[in-house]
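Asks: Read the sequence shown against our numbering and you will find it ends at 276, with the numbers running on by one and no gaps.
Beta carbons: idealized from backbone N, C-alpha and C, even for Gly.
This structure is a prediction, so every number in the text was calculated from the model and none was measured.
One structure coming up, written as structure tokens, with questions to follow.
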Amino acid sequence: MNKQSPIGVFDSGYGGLTILNDLRKVLPEYDYLYLGDNARAPYGPRSFDVVYEFTLQAVQFLFEQGCELVILACNTASAKALRTIQQKDLPTIDSHKRVLGVIRPTSEVIGDFSVNKHIGILATEGTIKSDSYRLEIAKFFPEMQLSQKSCPIWVPLIENQLHEEEGGKWFIKRDIDRLLAKDPEIDTLLLGCTHYPLVASIVKDSVPAHVKVVTQGEIVANSLKVYLEKHKALEAKCSKNGMVHYLTTETSTDFDKKASAFVGEEIHSTHVVLI
Ligand code: DGL
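This is the structure in structure tokens:
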């Protein structure tokens, strides 16, 4: 009766904390269990098979901790692993449990931000190569002109907190300039990696004033709110004490220091091993 079922939130590292922040703002009553696979981040350059294998391990681990619902708060995992997990693994693991990603809810609304229908997407190599955004956005906004650019250096810069340094800013600006050179008419820029909100202010300083810089946290949180309203049986299983716990595959001292800086509150995580 008193089983605790937090909502699992998974990312390769710290990026998913940007999604968790908004989940806690929009849905504060729920419990959350955050898992960062920091020891194996970044996922961006990894192959489909490896991202799928790591993500499935994480999902199974979160299920074992009592989660009925897991959010892949990671575009790379959503692009490379979500569909296979939903279609192949969930029916055999437990057909009542659910795994949701961040690409679909973002694609459902991103077109609404653009006036001239020119959208730019910045994301990891894995997300861009998967072409998931092009495929998903075309379902909701077939008329959108989409330009994409992978930014392989951004996640390592953020994970190592080098993005505020001059060298880090130089790389960020370089990639934005390259994307805008592909399509100077872009009026909406999606940060399609959950790490990137941490550099949103640098991005905003690097684009013309009329370009809207869109992050995913609020979009994903609002979408989850609607999902939970529609899926009442699943919603009823989610425990509601407003608690958050953090797990990391890295040493917890390292995670606590960096995650506290990202979230703006003191974090005490537990080290776990995924197999
Ligand atoms: N934060 C992740 C994303 O949204 C993954 C970054 C990485 O590990 O490369 O894509």
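For residue 131, is the beta carbon positioned less than 7 Å from some heavy atom of ligand 1?
Replies: Checking every heavy atom of ligand 1 against the Cβ of residue 131, none is found closer than 7 Å.
Asks: For residue 23 and residue 93, what's the separation of their Cα atoms in angstroms?
Replies: A straight line joining the alpha-carbon of residue 23 with that of residue 93 spans about 31 Å.
Asks: Is the beta carbon of residue 80 closer than 8 Å to that of residue 104?
Replies: In contact: residue 104 and residue 80 (Cβ atoms closer than 8 Å).
Asks: Please list, in chain order, all residues of the same chain as residue 58 whose beta carbon is under 6 Å from its beta carbon, the five residues on each side excluded.
Replies: 275
Asks: For the region 103-140, which segments carrying the beta strand (DSSP E) assignment without a break, of at least 3 residues, lie completely within its bounds, in sequence order?
Replies: Assignment of beta strand (DSSP E) within the region 103-140, counting only whole runs of 3 or more residues, yields 119-124 in chain order.
Asks: What residue from 164, 160, 118, 165 has the CA that sits closest to residue 190's CA?
Replies: The residue with the shortest Cα to Cα distance from residue 190 is 118.
Asks: Express the C-alpha separation of residue 52 and residue 82 in angstroms, rounding to a whole number.
Replies: 7 Å
Asks: Might you give, ordered along the chain, the residues of its own chain that have their beta carbon closer than 6 Å to the beta carbon of residue 16, omitting 5 neighbours on each side?
Replies: Taken in chain order, the residues that qualify are 195, 196.
Asks: By a C-beta neighbour count over all protein chains shown, 10 Å radius and 16 as the cutoff for buried, is residue 161 buried or exposed?
Replies: Exposed, by the Cβ-count rule.
Asks: In the DSSP assignment, what residue or residues form a beta bridge with residue 245?
Replies: 33
Asks: Return yes when the Cβ of residue 39 is within less than 8 Å of the Cβ of residue 266, no when it is not.
Replies: no
Asks: Residue 247 and residue 44 look like a contact to me (Cβ under 8 Å); what is the Cβ gap, rounded to whole Å?
Replies: The pair is not a contact, with the Cβ atoms about 19 Å apart (cut-off 8 Å).
Asks: Within 7 Å: the Cβ of residue 13 and any heavy atom of ligand 1?
Replies: yes
Asks: Could you check if residue 198 belongs to the surroundings of ligand 1, using beta carbon to heavy atom distance under 7 Å?
Replies: no
Asks: How should residue 277 be labelled, buried or exposed, when 16 other C-beta atoms within 10 angstroms of its C-beta is the threshold for buried?
Replies: Residue numbering for the chain in the displayed model covers 2 to 276; residue 277 lies beyond these limits and cannot be assessed.
Asks: Report buried or exposed for residue 164, applying the criterion of at least 16 other Cβ atoms within 10 angstroms of its Cβ.
Replies: buried
Asks: Would you list the one or two residues that DSSP bridges to residue 192?
Replies: 123
Asks: Would you mind sorting residue 242 into buried or exposed? The rule is 16 or more other CB atoms within 10 Å of its CB.
Replies: Flag for residue 242 reads exposed.
Asks: According to DSSP, simplified to helix, strand and coil, what is residue 47?
Replies: Reduced to three states, the DSSP call for residue 47 is coil.
Asks: For the beta strand (DSSP E) that contains residue 13, what are its first and last residues?
Replies: Residue 13 -> no beta strand (DSSP E), and no H or E assigned at all.
Asks: State yes or no: is the C-beta of residue 59 nearer than 7 Å to some heavy atom of ligand 1?
Replies: Residue 59: no, Cβ never under 7 Å from ligand 1.
Asks: Going by alpha carbons, who is nearest to residue 238 out of 27, 25, 19, 31?
Replies: 31
Asks: Per DSSP, what kind of secondary structure is residue 271 in: helix, strand or coil?
Replies: strand
Asks: Rounded to whole angstroms, what is the Cα-Cα separation between residue 2 and residue 271?
Replies: In this prediction, residue 2 scores a pLDDT of 41, lower than 50, which makes its location untrustworthy; the coordinate-derived value is nonetheless stated afterwards. When rounded, the distance between both Cα atoms is 26 Å.
Asks: Distance check for residue 181 and residue 146, CA to CA, integer angstroms please.
Replies: 13 Å
Asks: Could you tell me if the beta carbon of residue 42 falls within a distance shorter than 7 Å of some heavy atom in ligand 1?
Replies: Correct: residue 42 has its Cβ closer than 7 Å to ligand 1.
Asks: Excluding the 5 residues preceding and the 5 following residue 207 in the sequence, name in chain order all residues of the same chain whose CB lies nearer than 6 Å to its CB.
Replies: 174, 177
Asks: Which residues bound the beta strand (DSSP E) around residue 212?
Replies: Neither: residue 212 is in no beta strand (DSSP E) and is coded neither H nor E.
Asks: Under the criterion of a Cβ to heavy atom distance below 7 Å, does residue 124 qualify as lining ligand 1?
Replies: yes
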